Amino acid sequence: MKRKLLSAILCASMVAASLAGCGSTAAKEEATVENEATPAGDAADDTADDSASDGKLVVGFAQIGQESGWRDAETMSIQTYAEEHADTVELKFADAQQKQENQIKAIKSFIEQDVDVIGLAPVVETGWDQVFAEAQDAGIPIILLDRTADVDESLYATFIGSDFIEEGKLAAQNMAELIGGKGKIVELEGTVGASAATDRKTGFDEEIAANYPDIEIVASQTGDFTRAQGKEVMESFLKSNPDIVGVYAHNDDMALGAIEAIKEAGLKPGEDIKTVSVDGVKGIFEAMVAGEANCTVECNPLLGPLFFETAAKLKAGESVEKWVKSVDGVFTSDIAADVIDDRAY
Amino acid sequence: MKSKLSKLSQNQAFWPVMIFLAIILFNTIMTGGEFLKITIVDGHFYGRIIDIFRNGGKLMILAAGMTMVLATGGTDISVGSVMAISGAIACSVIKGNLLPGLNGSVAMAIILAVCAGILCGLWNGFLVSKIKIQPIVATMILLVAGRGIAQLITNGKIITITSDAYYFINGGYILGLPFPLYIVIFLVGLLLIFVTKTAFGLFLESIGCNPLASKFAGIKVDIYLLAIYTISGAFASVAGLIESAGIKGADCNNAGLNIELDAILAVAIGGTNLMGGRFSIFSSVIGALIVQSITTTVLALGVPAAYIRVLKAVLIIVICLSQSSKFKLSLGKMLAGKRKEAAAV
């Protein structure tokens, strides 16, 4: 009886494992298949490709998952670049479904496949030392994309991304402008431990404390970067602090959730309570056009070109800066209608 | 009078109700009465208590379905993924990405989503009752694969929809009370009538105590197992509709994430033995309210983000200890001993 039970468990876990495996391999296959399909057009190209294929830049990228529209845009940017430059680069893409252990597994498999460069958007800041050291031992440089990791600088090659502290400061300045430099505001934090959350909070809080003494952050709590929790936390904020005039969210999706909560409280988002958030996804532009949101600090997700250029430099042995900064911008509701059609994500 | 009270305290729902009231009382004191405040905004009731009932709606539904599964000694850990699938299907249909021939019909979207939930439940029930796979393993398949299916439906993106009819599922009010509450009353009421007025409940308890003996007693164990997993799947899909209507979109990565554990916790707090046997759906629903009110408490107290989980853990430990008769007994002995010592001194 016991043995039967054990075999049943084993069988089922194998089925589960193979099903789980399906998702990621399917995605990988898609990427490689498309890579091969593109250059098949021209005979002259083909020969050129053949010689180049030996020297192809092979990049493994461990993405966090699909937590928001912003991350989808980043993934799209990287995959599109790989498809368009299929003759020179090969992308191995892994979706970690928001789990660190999956990202570590992906990195280990990239090391086994001996890729040229590993890209990683770390889901959390800590716990990377060992696997980074393994990559270093294998001689594979690691590029951190859009989020930093709490490891020794020598363990990774470079970090490509925005300055989150700067984003927080920009958000604070825009919030101050919107509410006229005084009043009570609340803050919706991102996932506890994520660098985007800690730095956006630091930048914002410091700027407010330093330059706007009449603005008071009366409450600050995590909404885990998701709409559902952004909404639930905002519902609670509105009850304990009915006199707030602004909400600052560490990403747009939480702001979109907060907007729903504000409406349910019988207030007008964008008027009674101003919103400032970070990212610049399409949803927030739609909300700005509808007059329900005020301002977003864009955190540029279209990092594909920059990522592959940096990877190529690393492979060629050129030196790159420890922090390759991407360009961010600020969008307010006044210009939202003009730019919404150009938004790629 | 005393015997009446002790009789009442014998009821399975007695302690859960007491705990729930204690949490409300605790919050009322901590927030200086603000917690109990209910005002009327835009013609509907508005306050933290209302929030608990609305946000707890999906958990109450899940807990009701989960109770019966646990009563048979099984478990269904796929409910969160089924929620994601249901939300994905409904939003895709309304947006016209899926089956555009339906012209974004909300009614059809809901029917299809519930059908998908029933299908998922049938699959779980089939694996458990016919293939005889351990319930936790059988439902683990959908736990892992279900979220993948949901991502496949939405193409891995967060789908945002605009449909007032669909929003009503979560944000609507009838007679000033939130619509999810009516869904709970309808579904749980239906289930309670079915379980108490027919022999169904008795058979479930019998299967939970001893499936083999039940089979020899002439109970069609397989059919009943199939039925309860199907009900659990259908309930999960309704919960998924409530969740996705709340954020006006389908967020496949986060919809119902880890909610299966909350549902099992709700049933456990409700006093139903997880090994099967006697169960009380009403107690589980109260358990769900307790779990939800813990979240609301944490938010209302304004605990810093980093401490939320610790506080939740402490509250859950206290509640579980208060449910343990052995702990209460030994605590009583300890107190009695102390009193004796004090008397001797």
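So the sequences go chain by chain: A and B. Residues in the first sequence are numbered from 1 upward in steps of one, following this note's numbering. Residues in the second sequence are numbered from 1 upward in steps of one, following this note's numbering. All C-beta atoms, glycine included, are put in the ideal place defined by N, C-alpha and C. Being a predicted model, the structure only gives us computed values, none of them experimental.
Per-residue DSSP class, three states only, for TRP128 (chain A): If DSSP states are grouped into helix, strand and coil, TRP128 (chain A) belongs with coil.
DSSP state of LYS248 (chain B) mapped onto helix, strand, coil: coil
Cβ-based neighbour list, ILE281 (chain B), same chain, cut-off 7 Å, excluding 5 preceding and 5 following: ALA64, THR67, VAL188, LEU191, LEU192, VAL195
Reduced DSSP category for ASP224 (chain A) - H, G, I as helix; E, B as strand; rest coil: Of the three classes helix, strand and coil, the one that applies to ASP224 (chain A) here is coil, per DSSP.
Secondary structure of LEU175 (chain B), DSSP reduced to three states: coil
Limits of the unbroken beta strand (DSSP E) element including LYS313 (chain A): LYS313 (chain A) -> not in any beta strand (DSSP E); alpha helix (DSSP H) instead, spanning 304 to 315.
Residue ranges of each alpha helix (DSSP H) within the segment 39 to 78 of chain B, 4 or longer: Uninterrupted alpha helix (DSSP H) stretches at least 4 residues long and entirely within the segment 39 to 78 of chain B occur at 48 to 55, 57 to 71, given in chain order.
Cβ-Cβ separation, ALA300 (chain B) to THR31 (chain B) (assumed contact under 8 Å), whole Å: 6 Å
Beta-carbon spacing of LEU59 (chain B), ILE49 (chain B) below 8 Å: no
Pick from A:ALA228, A:PHE308, A:VAL339, A:LYS322 that is closest to GLU84 (chain A), judged by C-alpha positions: A:PHE308
Residues near ASP251 (chain B) by beta carbon distance below 7 Å, same chain, minus five either side: Excluding positions up to five away in sequence, the list reads ILE158.
Inter-residue spacing [alpha-carbon to alpha-carbon] between LEU302 (chain A) and SER77 (chain A): 5 Å
Any chain B beta carbon closer than 8 Å to ASP72 (chain A): yes
Bridge partner(s) assigned by DSSP for LEU145 (chain A): A:ILE160.
Contact under 8 Å by Cβ, TYR248 (chain A) with VAL276 (chain A): yes
Range of the contiguous beta strand (DSSP E) that encloses GLU74 (chain A): No beta strand (DSSP E) holds GLU74 (chain A); the alpha helix (DSSP H) holding it covers 69 to 84.
Distance between GLY277 (chain B) and LEU331 (chain B) (C-alpha atoms, nearest Å): 27 Å
Close-in-space but distant-in-sequence residues of the same chain around LEU265 (chain B) (CB under 8 Å, 5 per side omitted): GLY287, VAL291, ILE316
Separation of ILE259 (chain B) from THR296 (chain B), as counted between CA atoms: CA-CA distance, THR296 (chain B) to ILE259 (chain B), rounds to 16 Å.
Rounded separation between ASP114 (chain A) and VAL58 (chain A) - CA only: 9 Å
CB of MET23 (chain B) within 8 Å of CB of VAL184 (chain B), strictly: Here residue 23 (chain B) turns out to be Ile, not Met, going by the sequence shown. Not in contact: ILE23 (chain B) and VAL184 (chain B) (Cβ atoms no closer than 8 Å).
Closer than 8 Å to chain A by CB, LEU347 (chain B): Limits of chain B in this structure are 1 at one end and 345 at the other, which puts residue 347 (chain B) out of reach.
Span of the beta strand (DSSP E), counted from its first residue to its last, around SER324 (chain B): Where SER324 (chain B) is concerned, there is no enclosing beta strand (DSSP E), given that its DSSP letter is neither H nor E.
Residue from B:HIS44, B:GLY87, B:ILE153 whose Cα sits closest to the Cα of ALA234 (chain B): Selected option, being the one with the closest Cα: B:GLY87.
Cβ shell of LEU289 (chain B) (< 6 Å), same chain only, five flanking positions each side left out: PHE20, GLY56
Local Cβ density within 10 Å of TRP323 (chain A), reported as buried at 16 or more and exposed below that: exposed
Beta carbon proximity, THR222 (chain A) to chain B, threshold 8 Å: Interface residue, yes.
Between the CA atoms of GLN12 (chain B) and TYR224 (chain B) - distance to the nearest angstrom: 24 Å
Rounded C-alpha distance that separates ALA311 (chain A) from THR272 (chain B): 57 Å
CB contact flag (ARG110 (chain A), GLN63 (chain A), <8 Å): The displayed chain sequence assigns Phe, not Arg, to residue 110 (chain A). No, they are not a contact pair.
Span of the alpha helix (DSSP H), counted from its first residue to its last, around GLY201 (chain B): 200 to 209
Stretch pair the segment 113 to 131 of chain B + the segment 73 to 82 of chain B: three plus CB contacts closer than 8 Å: yes
Beta-carbon gap between ILE228 (chain B) and VAL69 (chain B) smaller than 8 Å: yes
Segment contact flag, the segment 165 to 179 of chain A with the segment 132 to 141 of chain A, C-beta cutoff 8 Å, min 3 pairs: Segments in contact, no.
DSSP three-state assignment for GLN12 (chain B), whether helix, strand or coil: coil
Runs of alpha helix (DSSP H) wholly within the segment 241 to 286 of chain A (minimum 4 residues, chain order): 252 to 264
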